[in-house]
């Protein structure tokens, strides 16, 4: 049996960390149940070493924290 890749949607500002309620940037999909956990960058780093081996998918979008905003110069 080979693992399959499941297309997941990107995380949005509506997705909140299960630990603190801040915006989530990491989604962990559990292997056994298929359930998902959402974490902010801080809490994802705290649990990654222990939790990641138990996940079917680790969707990390923390790179969004370092993006520079694009401003519209039409004014």
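In the numbering used here, the protein residues as written are 3 to 77. Note that beta-carbon positions come from the ideal geometry of N, C-alpha and C, so glycine has one too.
- Judged by their CB atoms, residue 63 and residue 31 are not nearer to each other than the 8 Å cut-off.
- By the criterion of a C-beta distance shorter than 8 Å, residue 67 is surrounded in its chain by 27, 43, once the five residues flanking it on both sides are discounted.
- One Cα belongs to residue 35, the other to residue 71, and the distance between them is close to 37 Å.
- Per the coordinates, the alpha-carbon of residue 59 lies some 8 Å from the alpha-carbon of residue 33.
- In this structure, the alpha-carbon of residue 41 lies about 31 Å from that of residue 74.
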